[in-house]
Structures are given as C-alpha cells and as structure tokens.
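Just below is one structure, and these are the notes that go with it.
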Amino acid sequence: MNNFYRFIIIVIISFPLIAKGNTNLSLPSKIDIRIFSGSEINEINLTSLEGRYLIYSDNETNEPLLSVRKFASIKLRAKDSKILIIRRDTIIQEVSKVLILGGAFNNIMLLNPIEPDLAFRMYDDDFVITVADGKLKIINIVALEKYIAGVVQSESGFLRHAVYYQVQATIARTYAFKNINRHEAQGHNLCDQVHCQAYYGRTGYNPIIEAVNDSRGTIIIDNNSQPVNTVYHANCGGETINSEDIWPQALPYLRSVKDTFCLNSPGARWEMKISINDLLRFVESTYKIKLSASEKNHILTFTQDNRKLHLDENKKIHLRQIRENFKLRSTFFSITTENDTIIFRGRGFGHGVGLCQEGAMKMAQYGFSKEYIIKYYYKNIELVVIDDFFAN
Numbered sequence: 087m088n089n090f091y092r093f094i095i096i097v098i099i100s101f102p103l104i105a106k107g108n109t110n111l112s113l114p115s116k117i118d119i120r121i122f123s124g125s126e127i128n129e130i131n132l133t134s135l136e137g138r139y140l141i142y143s144d145n146e147t148n149e150p151l152l153s154v155r156k157f158a159s160i161k162l163r164a165k166d167s168k169i170l171i172i173r174r175d176t177i178i179q180e181v182s183k184v185l186i187l188g189g190a191f192n193n194i195m196l197l198n199p200i201e202p203d204l205a206f207r208m209y210d211d212d213f214v215i216t217v218a219d220g221k222l223k224i225i226n227i228v229a230l231e232k233y234i235a236g237v238v239q240s241e242s243g244f245l246r247h248a249v250y251y252q253v254q255a256t257i258a259r260t261y262a263f264k265n266i267n268r269h270e271a272q273g274h275n276l277c278d279q280v281h282c283q284a285y286y287g288r289t290g291y292n293p294i295i296e297a298v299n300d301s302r303g304t305i306i307i308d309n310n311s312q313p314v315n316t317v318y319h320a321n322c323g324g325e326t327i328n329s330e331d332i333w334p335q336a337l338p339y340l341r342s343v344k345d346t347f348c349l350n351s352p353g354a355r356w357e358m359k360i361s362i363n364d365l366l367r368f369v370e371s372t373y374k375i376k377l378s379a380s381e382k383n384h385i386l387t388f389t390q391d392n393r394k395l396h397l398d399e400n401k402k403i404h405l406r407q408i409r410e411n412f413k414l415r416s417t418f419f420s421i422t423t424e425n426d427t428i429i430f431r432g433r434g435f436g437h438g439v440g441l442c443q444e445g446a447m448k449m450a451q452y453g454f455s456k457e458y459i460i461k462y463y464y465k466n467i468e469l470v471v472i473d474d475f476f477a478n
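Quick note on our numbering: the sequence shown kicks off at 87 and runs consecutively.
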C-alpha cells in the first residue's frame, strides 16, 4: 500500500470519537490541526530542527521523494492546484498533495512562510499539505498531548503558576475533545485560531510540559458523563455570564459567577472613544428604529454595575452587537459623553462565559487547587481521567 494512504488510514482510525453519539469515549492519540489558517500562504520554507523527515507525494509509490535531515530544508510553492517541491532552488516534483512524515523518535519542523513574509513557527510531528483556492493548506498531524502543550503556551504564555498550567491544560484538552469535529467538513479536526483555541506552535517550556503530563488524560464531564464545552476568556471584569446570555443554549455548567480575583489584573479595565453619531446611527440602522430624545439620553448615560444584556430599557438593543461592531473588549461597559464623543469605560476582556483566565491565574497564586479553580468557574461537573473512568 502507498505510504501516503497508509498514513491517512492510521490518522483516521486514531479518532474513535468522531461518530456522533458515541458514549464509549476515549481520547485520540493524534489530532489534525490546520495551521496558519488565518493567512493565505503561497510559499513556505521548512527546516528540520530535530529528527529526520521523509517527504512523500500522492503518486503511486512506496518510496519517499526525498529525505530531509536535521537542519536541512525544502521549499513548497503553490502553483494553481499543484505544489512545487523545491530543494536548493531546483524543482524536485509537482504534486497535488505532500506528506511530511517524521522518521525519528522526536521530530520538530520549523515552518517559515516566505510569501507572505510571516514569523516562523515550530511544530512537532507530521504534516499533510494540499492546495485550497490556490493557496497552501497546511495540516499538522500531532500527538494530542503535544498539541495541548502548544495550546497552553499560546493561550497562557510563560511564568505562570504550575497549578494554573494544569488548569489550562485540562480545559484545553476537554475543549479539543468536545469540539473535535468542528472542521470535519473542511477535512481536519480543529484550526489554530482562537475560536478553536490558539495554537501557534510547539512548546519546549518545561513547566508547561510538566503540567500537561501531570494532567494527562484528565477532562471535565457533566452529569451525563459527557465532556463539557470548556469555553474561557481573558478577564471577566468581576462577573462571568450565563451561556444563554450570548449563545442559544442554557448549559448547567456555564453559570454566572462573581469573580473578585481578576479585578486588579491587566485585562480588568479598558477605555475606548467613538463619536456619539457613530453609535446612534448604528443603533438606528441596525434595529430599524428612530430613537426618541429620552431613548438617546438613556443610551448616552448607560451604566452597569452588574452585567446587563441590553443597551435600552425595552431590551431590544443587544450589547453583544455593540461590542462586535465597535470591536470593544467586552460587553461589560458604561457610557459617558464629552462634547460629541462617547467614552466607553469597560471591565474585562472577552465573551465572559466560563473560566476567567486572569482570575484563575490569581487563584493559583493564592494556593487554590486545580479542581477547586475549575469547579469555581464550571458548575455541576467532575474531573476524570478518561481511560480510568470509562474502564470502570
């Protein structure tokens, strides 16, 4: 059998969860993530930093086109619906699909986009590269726990408390598990953007690696023994919100909680200015209404000590739409005016549902346990090591 297709079969059978409604839950060993998904890549340079990579095409052969040893490089360039494989300025072959398969125990690849010129990233394990709409589509086929470690670094950064890294690893693993079919129609599990979880490469940072290992296999389940949707955000401004406040479904584990831990963190306060006319025109055009003088006054003196959902007394104007249109950090804001200018003075950063990252960071510093922190933000849940739990 062609090595390329053998590899694809291995990837497919690594995902026992993909069938909907499957209650015999187990974690996949590998996961496929579209990387550089927010960019249109025409050309990219790949350099082996560790191990040895074998390059296969979709042609009917069991032999690799070439081997890329440590510190050696190849270049891939999109040409119409094909990929040019280039080495030392020589075109090796023109193919439809490229498999880059690690041939050693530990394999690390540096990917450096040339067109456009983007910052390089480093990734573990294997890759499948095709062309979509004339651009390179790059999938990282990576061990699940390596992916989780990369997410923790991308979402949390360095110099955090070890317990916080364990918290982030647990919710990242659960989120990936819950949403593993998000991009099934596009031919991969998840992407590297924040709606799937930020994933900007591997980590070599030992505190994160240790935290991922310490929480290995741990996920969060609800009262029906199903993985929960562990959404999270940077800072809640002192109060999280219920899931149904911004999304269609009320979930018993995504309940509003008071959170004083994040109030002195960097994301707790913000300010933004726009013109009064910009806001009033947006409201009138979006909701097809003509605001009265009293309605305008209510909007221009709007305050919220506790979180609200609407800007107006009739509860028609959603704060979520105001936030999205004017790119505000959160919906937790009050309004004052100065001449012809509106001043939004806000609290928090993000959608406000689920775990508040800066609050959880502070709780970890204060000595709270991983389980306590997770149960503070997610209600009616349990933490389980999935293989042990379902085996019993």
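Just so you know, even glycine gets a beta-carbon here, dropped at the ideal spot from N, CA and C.
Since we're looking at a predicted model, the values are computed, not measured.
By how many angstroms is the C-alpha of residue j removed from the C-alpha of residue i?
i	j	result
lysine 165	serine 182	10 Å
tyrosine 209	glycine 287	5 Å
lysine 223	valine 217	5 Å
lysine 465	glutamate 357	32 Å
asparagine 108	aspartate 203	The predicted position of asparagine 108 is uncertain, since its pLDDT is 42 and thus under 50; no value can be drawn from it.
isoleucine 104	lysine 359	Confidence is the limiting factor: at isoleucine 104 the pLDDT is only 34, short of 50, which leaves the residue's position unreliable, though a coordinate-based value still follows. Taking the straight line from one Cα to the other gives about 46 Å.
tyrosine 339	tyrosine 142	46 Å
leucine 377	aspartate 219	45 Å
alanine 446	glutamate 457	11 Å
tyrosine 91	asparagine 148	Only weak support exists for where tyrosine 91 lies, its pLDDT of 44 falling under 50; the value from the coordinates is given anyway. So the alpha carbons of these two residues sit roughly 10 Å apart.
glutamate 399	leucine 414	21 Å
lysine 297	alanine 379	Residue identity check: residue 297 is alanine in the sequence provided, not lysine. One C-alpha to the other measures close to 56 Å.
asparagine 309	serine 301	21 Å
threonine 346	glutamine 390	17 Å
tyrosine 463	lysine 382	36 Å
aspartate 364	isoleucine 403	15 Å
tyrosine 285	isoleucine 375	42 Å
valine 154	glycine 189	10 Å
aspartate 144	valine 184	7 Å
proline 150	aspartate 211	17 Å
proline 199	arginine 268	26 Å
methionine 449	asparagine 265	27 Å
serine 311	proline 293	30 Å
arginine 409	cysteine 348	21 Å
My assumption, with CB atoms under 8 Å, is that residue i sits in contact with residue j. Please give the rounded CB distance.
i	j	result
asparagine 226	glycine 137	Actually they are not in contact, since the Cβ atoms of asparagine 226 and glycine 137 sit about 15 Å apart, beyond 8 Å.
isoleucine 472	serine 112	7 Å
tyrosine 327	isoleucine 460	A quick correction: the sequence has isoleucine, not tyrosine, at residue 327. About 18 Å separates the two Cβ atoms, so there is no contact after all.
arginine 406	phenylalanine 419	The Cβ separation is near 12 Å, so there is no contact.
isoleucine 295	threonine 304	With a Cβ gap of about 15 Å, isoleucine 295 and threonine 304 do not count as contacting.
arginine 173	leucine 152	7 Å
If the criterion is Cβ atoms closer than 8 Å, does the pair residue i and residue j meet it?
i	j	result
phenylalanine 368	asparagine 299	no
methionine 195	phenylalanine 213	yes
alanine 258	valine 238	yes
leucine 187	leucine 230	no
glutamine 179	glutamate 241	no
asparagine 131	glutamate 201	no
glutamine 125	phenylalanine 157	Note on identity: in this sequence residue 125 is serine, with glutamine being the wrong assignment. It is not a contact, given that the beta carbons lie outside the stated cut-off.
serine 361	threonine 427	yes
leucine 162	isoleucine 215	yes
lysine 344	valine 228	no
serine 342	alanine 336	no
threonine 256	leucine 469	yes
glutamate 444	glycine 353	yes
With DSSP as the reference, please indicate the residues paired to residue i in a beta bridge.
i	result
cysteine 277	Arg120
phenylalanine 419	Gly432
glycine 188	Tyr139
phenylalanine 213	Ile186 and Asn226
threonine 427	Ser361 and Glu424
serine 153	Leu140
arginine 173	Thr176
valine 181	Ile169
serine 240	DSSP output for serine 240 lists no bridge partner at all.
histidine 437	DSSP, once it has assigned bridges, lists no residue as partnering histidine 437.
glutamate 325	Lys344
arginine 207	Leu197
tryptophan 356	Gly432
tyrosine 291	The partner list for tyrosine 291 (beta bridge, DSSP) is empty, contrary to what the question assumes.
histidine 269	According to DSSP, which records beta bridges pairwise, histidine 269 is partnered with nothing at all.
Is residue i near the ligand ADP, in the sense that its beta carbon is under 7 Å from a heavy atom of that ligand?
i	result
lysine 223	This structure lacks the ligand ADP, and indeed carries no ligand of any kind.
(Q) Measuring CB atoms only, is the segment 317 to 327 touching the segment 435 to 444, in the sense that at least three cross pairs come out at less than 8 Å? (A) yes
Q) Quick check: the segment 239 to 251 against the segment 167 to 186, are there 3 or more CB pairs under 8 Å? A) no
Q) Do the segment 276 to 286 and the segment 117 to 131 meet, that is, are 3 or more Cβ pairs less than 8 Å apart? A) They touch, by the three-pair rule.
Q: Check whether the segment 394 to 402 touches the segment 296 to 316, taking contact to mean three or more Cβ pairs, one atom from each stretch, closer than 8 Å.
A: no
Q) Using 8 Å as the threshold, is the segment 418 to 425 in touch with the segment 372 to 390, meaning 3 or more CB pairs across them? A) yes
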